[in-house]
Each structure stands twice: as C-alpha cells, then as structure tokens.
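Just so you know, we're using our numbering here: the sequence shown kicks off at 1116 and counts up by one.
All residues carry an ideal CB built from backbone N, CA and C; glycine is no exception.
Just so we're clear, the structure is a prediction, and the values are computed from it rather than from any experiment.
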Amino acid sequence: MIQALNNIQHQLYVLPTRRDEFVKEIATKGKVQNFQSQIYRKDKSIIWISENARLVYDKDNQPIYYEGTVEDINDLKNHAVEIEHQATHDHLTGLPNRYILNDRLQQSINFAHRYQSMLAVVFVDLDQFKLINDSMGHSVGDQLLVSVSQLISNNVREIDTVVRLGGDEFVILIPNVHNQEDIEHSLARLLHHLSIPLTINNFNFTVTCSMGVSVYPNDGKDPDTLLKNADSAMFKAKHAGRNNYQFFTPELNDILTDRFNLEYKLRHGVEHDEFILHYQPKYNLMTGDICGAEALIRWQPQDEALIYPLTFIQIAEETGLIVKIGQWVLETACRKAKQLHTLTGRNLPIAVNVSPKQFRQSNFVQIVKDALTHSGLAPASLELEITENIMIDDTPKFIETLHQLKLIGVKLSLDDFGTGYSSLSYLKDFPIDQLKIDRTFISAIEEDNANMSILKAIVFLGQSLGLGVVAEGVETQFQHDFLLSVGCDEVQGYFFSKPLAEHHFDALILQH
Ligand code: C2E
Ligand code: MG
Ligand code: MG
C-alpha cells in the first residue's frame, strides 16, 4: 500500500494543505502532537486520524526521517461531532439553539459591517401556544413546534438562520438586506405561510405568531442590544393583537420603561394595601329597586390621584399579581355584603369580577369558600363575573371549576357578553345564571335600528335559556325605556348611579 503512495499530499489527505502544515509544524517544533486530519483509506472511504511524530536526525544532525504513530480516531471524532451537534442544536426541531445564536449573530454583524448591508434580527413567539400545549397535551405541542419550525425554515432564504431559543420562541437572522421593504416582504410571507392550518392527530390548528424586528446598524450594533430590542418589538406585536410584526422604535423603550415602573409601583401597592373598592348599584328594571351591586377596584397610591382598573388590571394579570389582588377583592366585597345585610336586614348580592388567571388557579374554589366562611356571607349573595374569553378555554378542568362553584351555591355571571368569541353553544352547556350585555351594545342602539334588533335578540336568547339578563352601561332615558320594553331584567349604568365610594354607597343603601 505504501508503495502505491507516490503523492501523499493528494492521495492521502482529504485536505491537501494538511501535508504542508504537518511538514511546517515539524520543521518549527521538531514534532507534531495529536495532529488530526481526515484521510482516504484504500477503499476511498474517509476516516479521521491522529498523528504523533518527530523528526529523526543522523549523526551529522541532518533530518533523515519522521518517526511516530498514526491512530485511527474516527469513532472518537464522530462521537465528538455528534456531541457538539447535540450541544448546539435543539433535539426536538433540529434547529440551532441559543448556544450558537450569539456566534452566528456576531458573524452576521461582521458581514453586514464589511459589506455595508443591513441585518434583521427577528424575535418570533407563537400566539396562545401555552393554551394549546396545556389543553391538547405536550405531544401535540411538540409536533406543532416541529411543524412550525419546518414551516419557518422552508420559508426563509438559504442564507437566513433560524434558531430555536426554547419553548415557543424562535429567532431568525436575515442578513444582507438593504431596506425595510426587503424585511417586510420576508415577514409578510412568513406570516402568510404560518397562517395555513396544520393537521395534527386529525385536528386542525391555525398557529399565528407575533414577531419583533430590530435592524443592524440602526437599532443596535452588538448581539445583546439587537436581541433585546427585537424582544421589545415582539412584546409590542403581542399587544397590537398578535399575528403581526412590529419594528423596534426608540419610543418603545420608553413605553416598556413606563410599564416596568408601573409594575414596580403595583408590587409596592399590593404590599402596602393601596386598593379600595367602589360599588355600583344594579337596579331591577320593573320595580326600580336596587337589587345588588358590582364591586369595582380602584388603586389609591399615597398622595396621588385614583387609578382605574383599565390602567393596571392587565399588568396585574400578566405579572400574576392579580392572584393576590383578586383574593383581597373577594374577601373585602364579601365582608361588605355581609355588613350591609346585618345593617339593613336585606340580602343584597354583591358581584365580583374574576380575571382569567385568577379563575385558573388550582385552589380558586377553596379561596371562594374561604371568603364566604370568613365573612359569614350566604353563598347565594355572591356573584362571580367571568368574561367570555375565559370560556374559550373549555378544558374539563375549567368546566369542573364552574360546577364546583355552582355546588357551593354562588351565582355565575357572564360579563361583557358579546365582545368575545360569542360562540353561543357554550351558553347551554355551562352552568351560568346571568348574562351581562356589554355596554357597547347598549350605547349602539341610538345610532342604528339594527342594533336595537340585536339587543332585543340577545335579551330574548338569554331568557329563553333561563338566564337572567343584565344591561350594563345604561346612560340615557331612551336606553332605559327600550330595555324595559324588551323585558331586560336588571340594569346598571351612569343613568342610575356611577360606581360609588364606600360611604356614599352605604348612604344610598340606607336611604332606600
Ligand atoms: P366591567 O366588569 O365590565 O365593569 C363595568 C365598567 O363600566 C366599570 O368600569 C364601570 O365604572 C363602567 N361603567 C358602569 N356604568 C357605566 C356607564 O353608564 N357608562 C360608562 N361609560 N361606563 C360605565 P371600571 O370600574 O373602570 O372597570 C373596568 C373593568 O375593570 C371592569 O369592567 C372589569 O373588567 C375590570 N375590573 C374592575 N374591578 C375589578 C376587580 O376587582 N377584579 C378584576 N379582575 N377586574 C376588575
Ligand atoms: Mg364586571
Ligand atoms: Mg362588563
């Protein structure tokens, strides 16, 4: 075999330059150690070898030959390659993972710098993935992630890099772009392809995603800044209603800073009991009597103006602070209802808003029981208002919670009816007592006759299913008269009373 080797450089080494490197290293150091190369075997297959060699000299100190060993390290090497691949790739989707993102990103930045081009860093987060994962099971969730990662990979250019950061988060590097339109074009195409339904286990899933984009060099010159700003832009996309992409803007940082400050202040507010409840009476339309009240939270930071729930409930929900706040509302409202009952001898039900995260707490039923026990309030005097959007999550656990609450004897009310998915089928399947028609339907009747018909139909529908129907946001005599004429049961709104501070509410009740 050795005889057949008359040109080591080209016949043996896969990379011909390896021979020169070998000779050079021996010439300078007198030896090579663990010199790794790929070589051709006689059958032309390729293996990895490691050479250890030194130069042997004659008595006149002239080099005469190399002496050493050659070791087959093919298995070892392939194993190492495999381990490296495993460490740098996501095992579920096969995509590069976060450990090489920084390297790739830095390379792309260097390239963009050298060729005076732009680089887009896109943060991708699937919408509602957690919901699918929790309700359909992790194996469906996994298959979905694999399909989505393939969809993304198949719909970017060869030179783009797709990385799975973890969970349902991906990063796409789009190098060598020259203007914003190039980027928008790529992203619009991606959104389109992702919106085509996927079939997994005979179920169709439409996966949408929210994407945030930062662009080198305008939005950052290093990997950390570009990633952070793309992430901020993704956040903006989520808030813009999902299934869209947003570009980073410097103002975005101000918004996020405000949000961060608000969150910080809210934590402080929770620790220092800065919340109070206002109460808005509800009226029986036929008799005109007060027939209950809704507890509405207000936040009163020290020496500041009152803050309304629309400013902070969403952040409380996203940060999980709602769990503590909601429990406080429940306890406080129950105590108030009990106190008025003792004072007036009348049973005046109190309605409490329950947010989705609060409702999904594993011990929510127990928290409700505790609030009733601690206050001594009769269960029938507590109404829980949940919104339609909780309803779409119709997992067995959710329905079970509804039934457990019914078993305790509390009333369930569907708030903001008509603004959510309005899938009417759940109305008959779920144990609800009452519909609260959202005020957008009430205010719309003066504009258009068709809206009157819709409102009339909702009242009719609710009542024919045996539900009580409440109209909220009633502001005018006209609305009042119309609701009376279609037989709506209860009303709530500025026309009768605004939400009142506790002592004003007490005075109103005592005067009745
Ligand atoms: P919601 O449960 O639909 O409450 C009704 C909202 O409409 C209240 O706003 C009330 O002040 C307002 N409103 C009542 N009558 C009228 C009217 O005639 N015209 C107009 N324009 N508005 C009227 P508020 O108090 O700002 O509460 C807003 C939302 O915040 C509530 O909507 C509810 O979803 C949420 N929220 C309030 N308190 C709590 C709470 O304790 N926990 C949770 N999770 N959410 C709460
Ligand atoms: Mg409500
Ligand atoms: Mg409402």
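What number of angstroms, rounded off, separates the C-alpha of Cys-1324 from the C-alpha of Ser-1262? 13 Å
Quick test of the definition: if touching needs 3 or more C-beta pairs under 8 Å, does the stretch 1357 to 1371 touch the stretch 1398 to 1413? no
Kindly provide the ranges of any alpha helix (DSSP H) runs that are 4 or more residues long and lie completely inside the stretch 1517 to 1568, ordered along the chain. 1540 to 1544 and 1554 to 1558
Does the contact criterion of 3 or more C-beta pairs under 8 Å hold for the stretch 1517 to 1532 versus the stretch 1378 to 1390? no
Hey, would you say the C-beta of Asn-1270 is under 7 Å away from at least one heavy atom of ligand 2? no
DSSP has Ser-1329 in a bridge; who is on the other side? Val-1236
Candidates Ala-1616, Arg-1554, Leu-1615 and Gly-1441: which alpha carbon is nearest Leu-1598's? Arg-1554
Would you list the residues sitting across from Ile-1154 in a DSSP beta bridge? Tyr-1128 and Ile-1162
May I ask you to report which of helix, strand or coil DSSP gives His-1300? helix
Determine the direct distance from the alpha carbon of Asn-1358 to that of Val-1271, and round the result to whole angstroms. 18 Å
Measure the alpha-carbon distance for Lys-1139 versus Gly-1145 and round it to whole angstroms. 9 Å
For Ile-1274 versus Leu-1305, is the C-beta spacing smaller than 8 Å? no
Nearest-angstrom beta carbon gap, Pro-1494 and Gly-1524 [assumed within contact, 8 Å]: 3 Å
Cα separation between Ala-1119 and Tyr-1172? With a pLDDT of only 46 at Ala-1119, under 50, the local geometry of the prediction cannot be trusted, and the value read off the model is given with reservation. Looking at the two C-alpha atoms, the distance is approximately 26 Å.
Short check: CB of Ala-1452 to CB of Ile-1440, under 8 Å? no
If I'm right that Val-1444 touches Ala-1410 with Cβ under 8 Å, what's the distance once you round it to whole angstroms? 6 Å
At which residues does the alpha helix (DSSP H) containing Val-1322 begin and terminate? Taken as a continuous stretch (DSSP letters only), Val-1322 belongs to no alpha helix (DSSP H), as it is neither H nor E.
Evaluate the contact criterion for the stretch 1286 to 1294 versus the stretch 1226 to 1246: three or more CB pairs, one atom per stretch, below 8 Å. yes
Mind checking who Asp-1187 pairs with in its DSSP beta bridge? Ile-1164
With 16 other Cβ atoms within 10 Å as the buried cut-off, status of Phe-1137: buried
Who are the Cβ neighbours of Phe-1620 in its own chain at under 6 Å, not counting the five residues just before and after it? Tyr-1394
Report whether the distance from the Cβ of Asp-1297 to the nearest heavy atom of ligand 3 is below 7 Å. no
Would a C-beta distance cut-off of 8 Å place Lys-1472 and Gly-1533 closer than the cut-off? no
Buried or exposed, going by whether 16 or more other CB atoms sit within 10 Å of the CB of Thr-1372? exposed
Got a sec, what are the start and stop residues for the alpha helix (DSSP H) Gly-1059 sits in? Because the chain in this structure spans residues 1116 to 1627, residue 1059 falls outside the shown range and cannot be described.
Leaving out five residues on either side along the sequence, give the residues of the same chain with a beta carbon under 6 Å from the beta carbon of Asn-1291. Ser-1232
If you drop the 5 nearest sequence neighbours on each side, which residues of the same chain put their C-beta closer than 6 Å to that of Ile-1117? Any reading at Ile-1117 must be qualified, since the residue scores a pLDDT of 43, below 50, and its modelled position is unreliable; no value is offered.
Leaving out the 5 sequence neighbours to the left and right, which residues in its chain are closer than 6 Å to Ala-1486 when beta-carbon positions are compared? Leu-1445, Glu-1446 and Cys-1449
I'd like to confirm the pairing. Which residues does DSSP put opposite Ile-1267 in its beta bridges? According to DSSP, Ile-1267 bridges with nothing at all.
In its own chain, which residues sit with a C-beta less than 6 Å from the C-beta of Glu-1498, not counting the 5 before and 5 after it? Pro-1464, Ala-1466, Lys-1526 and Ser-1528
Roughly how far, in whole angstroms, is the beta-carbon of Ile-1624 from the beta-carbon of Ile-1405, given that I think they are within contact range, below 8 Å? 7 Å
Taking the C-alpha atoms as reference points, what is the distance between Pro-1338 and Arg-1279? 16 Å
Should Pro-1131 be labelled buried (16 or more other beta-carbon atoms within 10 Å of its own) or exposed? exposed
Please go through the same chain and pick out, in chain order, the residues whose beta-carbon is closer than 8 Å to the beta-carbon of Ile-1422, but skip the five residues on each side of it. Arg-1413, Trp-1414, Gln-1415 and Pro-1416
Hey, Ile-1315 and Leu-1259 are a contact pair by Cβ (cut 8 Å); roughly how many whole angstroms apart? 6 Å
Which stretch, first to last residue, makes up the beta strand (DSSP E) that contains Asn-1359? 1359 to 1362
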